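Visitor: Pasting in a structure now, in structure tokens, and then I'll have a few things to ask.
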Amino acid sequence: MTDGMRKLAIDSIRLCHAPYSGFRVSAVLEDSEGRLHPGVNIENASYGLTLCAERSALAGAVSRGATSFTRIMVHSPDGPAHPCGACRQVLAEFCGDSFEVIVLTPEGTTVETTLGTLLPSAFRLRTDSR
Ligand code: THU
């Protein structure tokens, strides 16, 4: 069921822009219509401006009109990549507590959890989790 996400996550790694950390991350966000939205980390010479793969995927998806999401796969060949705190909060703007987070490890195994587990009592002003 996650084969398409897995393939896209692995294929997208070549697009990462991570010349400073050398840590490449891709993310594939699935919307409620089953469309897949890939993203990669995009680093900057001013390090703090780095965009994580998850936020890159979300920005692309929302820019294409997607606003409702079921799950995300996060992958790095360089180490296990669990979404950082900032990405958890940004995902919470559009995704509810039951939104699935799947980490694809360098070894090809998966770790599955939910946004509600990763970010309990998320700060949201909207109630529709859109
Ligand atoms: N990174 C992500 O893309 N997603 C995460 O959730 C964790 C960290 C990126 C940011 C940076 O380019 C590199 O990994 C090392 O921190």
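Residue 90 in this note's numbering sits at position 109 of the sequence shown, with consecutive numbering throughout. Heads up, the beta-carbon is just placed ideally off N, CA and C, and yes, glycines get one too. Predicted, not measured: the structure shown is a model, and the values here were computed from it.
(1) My understanding is that Val21 touches Leu(-11), with C-beta atoms under 8 Å, so please give their C-beta distance in whole angstroms.
(2) Taking buried to mean at least 16 other C-beta atoms within 10 Å of its own C-beta, is Arg52 buried or exposed?
(3) Does DSSP put Leu10 in a helix, a strand or coil?
(4) Kindly indicate the opening and closing residues of the beta strand (DSSP E) around Glu93.
(5) Per DSSP, what are the beta-bridge partners of Gly20 in this structure?
Guide: Working from what's here:
(1) In the sequence shown, counting from the first residue as 1, residue 21 sits at position 40. In the sequence shown, counting from the first residue as 1, residue -11 sits at position 8. Actually they are not in contact, since the Cβ atoms of Val21 and Leu(-11) sit about 11 Å apart, beyond 8 Å.
(2) Taking the first residue of the sequence shown as position 1, residue 52 is located at position 71. Flag for Arg52 reads buried.
(3) Your numbering for residue 10 matches position 29 in the sequence shown. Residue state, collapsed to three classes: strand.
(4) Here residue 93 is taken as the residue at index 112 of the sequence shown, counted from 1. Start and end: 91 to 95.
(5) Position 39 of the sequence shown, counting from 1, holds the residue named residue 20. In the DSSP output, where bridge partners are listed per residue, Gly20 has Ala8.
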